[in-house]
Structures are given as C-alpha cells and as structure tokens.
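Trainee:
In this note's numbering, the protein residues as written are 5 to 333.
1) Rounded to whole angstroms, what is the Cα-Cα separation between residue 188 and residue 167?
2) If the criterion is Cβ atoms closer than 7 angstroms, does the pair residue 51 and residue 14 meet it?
3) Using 8 angstroms for Cβ pairs, my map puts residue 174 next to residue 181. What's the rounded Cβ distance?
4) For the alpha helix (DSSP H) holding residue 185, just list the boundary residues, first then last.
5) Suppose contacts are defined by Cβ-Cβ distances below 7 angstroms. Is residue 325 in contact with residue 267 by that definition?
6) What did DSSP end up calling residue 49 once you bin it into helix, strand or coil?
7) In whole angstroms, what separates the C-alpha of residue 286 from that of residue 200?
8) Between the C-alpha atoms of residue 138 and residue 68, what's the straight-line distance to the nearest angstrom?
9) How many whole angstroms separate the CB atoms of residue 22 and residue 119, which I take to be in contact at a CB cut-off of 8 angstroms?
10) List the endpoints of the continuous alpha helix (DSSP H) containing residue 112.
11) Whose C-beta lies closer than 7 angstroms to the C-beta of residue 33 among residues of the same chain, with five residues either side of it excluded?
12) Buried or exposed, going by whether 16 or more other CB atoms sit within 10 Å of the CB of residue 288?
13) Quick check: residue 111 and residue 129, are their CB atoms within less than 7 angstroms of each other?
14) Determine, using beta carbons only, whether residue 101 and residue 109 come nearer to each other than 7 angstroms.
15) Rounded to whole angstroms, what's the CA-CA distance from residue 105 to residue 53? Just pull it up for me.
16) Can you give, in chain order, each stretch of the alpha helix (DSSP H) that sits fully within the stretch 252-330 and has at least 4 residues?
17) Once the 5 residues before and after residue 310 are set aside, which same chain residues still bring their CB inside 8 angstroms of it?
18) Rounded to the nearest angstrom, what separates residue 40 and residue 151 at their Cα positions?
19) Alpha helix (DSSP H) containing residue 227: first to last residue?
20) May I ask which residues mark the beginning and end of the beta strand (DSSP E) holding residue 69?
21) From what residue to what residue does the alpha helix (DSSP H) around residue 89 run?
22) Only counting the same chain, and skipping five residues up and downstream in sequence, which positions put a Cβ closer than 6 angstroms to that of residue 165?
23) Would you report the Cα separation of residue 77 and residue 70, rounded to the nearest angstrom?
24) With DSSP as the reference, label residue 154 as helix, strand or coil.
25) Could you check where the beta strand (DSSP E) with residue 195 kicks off and where it finishes?
26) Shortest alpha-carbon distance to residue 306 belongs to which of 31, 93, 85 and 281?
27) Mind reading off the beta-carbon distance from residue 176 to residue 135? Whole number of angstroms is fine, and I expect it under 8 angstroms.
28) Within 10 angstroms of its Cβ, does residue 299 collect 16 or more other Cβ (buried), or is it exposed?
29) Tell me whether residue 27 sits in a helix, a strand or coil according to DSSP, three-state version.
30) Could you spell out where the beta strand (DSSP E) holding residue 22 opens and where it closes?
31) Hey, out of 228, 31 and 304, whose CA is closest to residue 122's CA?
32) Can you tell me whether residue 237 is buried or exposed? The criterion is at least 16 other CB atoms within 10 Å of its CB, across all chains shown.
33) Given residue 239, which residues of its chain have a CB within under 8 angstroms of its CB, disregarding the five upstream and five downstream residues?
34) I need the boundaries of the beta strand (DSSP E) containing residue 173, first residue and last residue.
35) Based on Cα-Cα distance, which residue from 47, 85 and 93 lies nearest to residue 73?
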C-alpha cells in the first residue's frame, strides 16, 4: 500500500467490566487518541465506540467496535504487541485481493501512546464478519465442510498458507466463511495446484485419485474434517461403516456410545471389536424400530453391550468374564 499522512482516530471505550485488559494501558483511557500507521485508513468515520471484549487471549485481545453513524457498522479491534500487529497487517496487505471474501477486510492499523512501563500496543481494525466457528469441523454437515474447504483452496490459490487452520480461526455468517488470524501464515510454496472443487462432490465417499497433483495441506484438512465420510457412520469413535437401514443415525449412535468389549480375559482383535460394535448398534436400531425411546435405551447401554458381548462369546465358544461378578453368568 502507498503510505499516507497519519489519520487521528478516537476510541471511546464503553465497557461494563472493570477487569484489566490491554487497552487500559492506552493514555487517556477510556477516551483514547490514536493514529494510523501511515497506511490508508478505509473508514470515513474517525470515532469508534468500543462496547465489548470478544476474546481475551495471551497474544491478542479482540474488541467489538461500532461506528457512531446511521449504518451501525461493526468492526473488530485486534490489540496486540506492535510486532505481532505489524506482521499480521503485512499478511493482509499481501493478500488484498481476497480481503472481504476469503479473509476479513482490513480497514487499517492504529497505534497509540501507552502508560509508562506498559508494552507498546497496536491495533488492527478489521471487518466484523459473523462469529467464530463453535462446532468441530467433523461435526459439520457436508455442505458446510465443502464451503470451508473451498475457501481454504481460494486462500492457497492466492498464495496464503495458514499454519493454524482450526475451528476458532474460521468465521461464519449466514452459511459463508472467512479464514481469520493471519498471525500464523506463510507464503505458499509454489503455485497451489489443487483443482478439486469440494462443493461439486458433497456426499461422495471417493477421494480424488491423483493425490500427487494436489496440495498435501488441503488433502490433510479434508481428511481431518471427514469430508469423504458423508455416507458413513462412525461407531465408537473409530470404526467407519456404510450407513444402512439396520443401523441408527449418527446422532443416535453418539447418544448410545458405550464401552464395547467387556470381558476382562478376552484378547479382542480390531475385527472382533468392530463386529461387536455392529451387533450392538443393530440391536439398538431393532429396539428403536420396536418402539423403545432413545432416552430409555440410553439407560440400558451397558446391559445391551453386555448381552451382545456374551452372545458373541457363546457363538465363538470363548469364556466370558467381567470384572463385575454380577455380570458373569
């Protein structure tokens, strides 16, 4: 960006909490006079009302700001030590073409005098876009996963490689997403060659065949997000099986989670435990179809698993022995 003369901005803090936070170190708090760092300031309003603390972390603090005009425009003020802010602002400047679509819009950088003995502070003024993602990636529906992954692809195509792509660095608003916190990024090594559009493959289980022509980071993100497991159930947090009419829904599976493989003297193999999990959840589905409620069945999880396990032992002519004597025949 082309440098310009610094612009004076007033921050008026209207916080209800008396707890200490970084902005209290600014001279004049709660009404603070700060300046831009010489880069353009994209907001015409020169006063920002600060009304809330959205995040208080070890490296940075996020405040909610309002422009006192009829637009009721909201912004994010990200306060952090000066070097962190400068480095992150540089990352935004390098990816100006994807601001407001893939990453938040950067409106400017503010700096202000602090009390003697306080660490230097600076502030990013950013677009307020929705809220942090609170649902884990793997629990999102396939359409949401596809939109987030395609947003990640767009970042990579623009040369931005996020080094901490986790849920709380993703913002969501009305089904749209932005990737936030550019303090953990690097320049993408070479041109990203990923050409698979996730939105065109929602609900599919088949992964792209030509993995070598893509991007390992995006591939790993899709795997960790369980994007290609849309038509599968996860049993006991580890066994993936095809969805079928004789098995409960994933929500029901999660509600009925319990220990599988109860015998204290049996050396269960992985295939044994998977078979027991399938039998257990098929029993659950049979009882649901017969009219039992999920609530009542959830109270019987241990007993159902015990019955299934004992039956499997009898079929295989293996001795069953529980650590609880009352559970033994």
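Using N, Cα and C, we set each Cβ at its ideal position, and we do this for glycine too.
For clarity, every value in this text was computed on a predicted model and none was experimentally measured.
Mentor: This is what the structure gives:
1) Straight across, the Cα-Cα distance linking residue 188 with residue 167 is about 5 angstroms.
2) Contact: yes.
3) Right, their Cβ atoms sit about 6 angstroms apart.
4) Membership of residue 185 in any alpha helix (DSSP H) is not indicated, and neither H nor E is assigned to it by DSSP.
5) The answer is yes: Cβ separation under 7 angstroms.
6) Residue state, collapsed to three classes: coil.
7) If you take the alpha carbons of residue 286 and residue 200, they lie about 36 angstroms apart.
8) When the Cα atoms are used, residue 138 and residue 68 turn out to be separated by approximately 18 angstroms.
9) Residue 22 to residue 119, Cβ: 17 angstroms. No contact.
10) Residue 112: not part of any alpha helix (DSSP H); member of the beta strand (DSSP E) spanning 110-115, first to last residue.
11) Contacts found: 17 and 27.
12) Residue 288 sits buried, since 16 or more C-beta atoms from the chains shown fall within 10 Å of its C-beta.
13) Against a cut-off of 7 angstroms, the Cβ pair of residue 129 and residue 111 comes out as a contact.
14) Contact: no.
15) Near 25 angstroms, if we compare the C-alpha coordinates of residue 53 and residue 105.
16) The qualifying runs are 254-259, 274-293, 298-302 and 305-319.
17) When the five nearest sequence neighbours on each side are left out, the beta carbons in the same chain lying within less than 8 angstroms of the beta carbon of residue 310 are those of 266, 326 and 331, in order along the chain.
18) The alpha-carbon atoms of residue 40 and residue 151 are separated by roughly 35 angstroms.
19) Its alpha helix (DSSP H) spans residues 220-228.
20) Where residue 69 is concerned, the enclosing beta strand (DSSP E) stretches over 65-70.
21) Unbroken alpha helix (DSSP H) run through residue 89: 86-98.
22) Correct list, in chain order: 190 and 192.
23) Rounded to whole angstroms, residue 77 and residue 70 show a C-alpha spacing of 6 angstroms.
24) DSSP, reduced to helix, strand and coil, places residue 154 within a helical segment of the structure shown.
25) Following the DSSP letters along the chain, one finds residue 195 in no beta strand (DSSP E), marked with neither H nor E.
26) Nearest C-alpha to residue 306: 281.
27) With a Cβ gap of about 7 angstroms, residue 176 and residue 135 count as contacting.
28) With fewer than 16 Cβ atoms within 10 Å of its Cβ, residue 299 is classed as exposed.
29) The answer is helix: DSSP assigns residue 27 an H, G or I state.
30) Neither: residue 22 is in no beta strand (DSSP E) and is coded neither H nor E.
31) Nearest C-alpha to residue 122: 31.
32) The residue is buried, with at least 16 neighbouring Cβ atoms inside 10 Å.
33) Taken in chain order, the residues that qualify are 245, 257, 278, 281, 282 and 285.
34) It is not in any beta strand (DSSP E) - residue 173 carries neither H nor E in the DSSP assignment.
35) Of the candidates 47, 85 and 93, the residue whose Cα lies closest to the Cα of residue 73 is 47.
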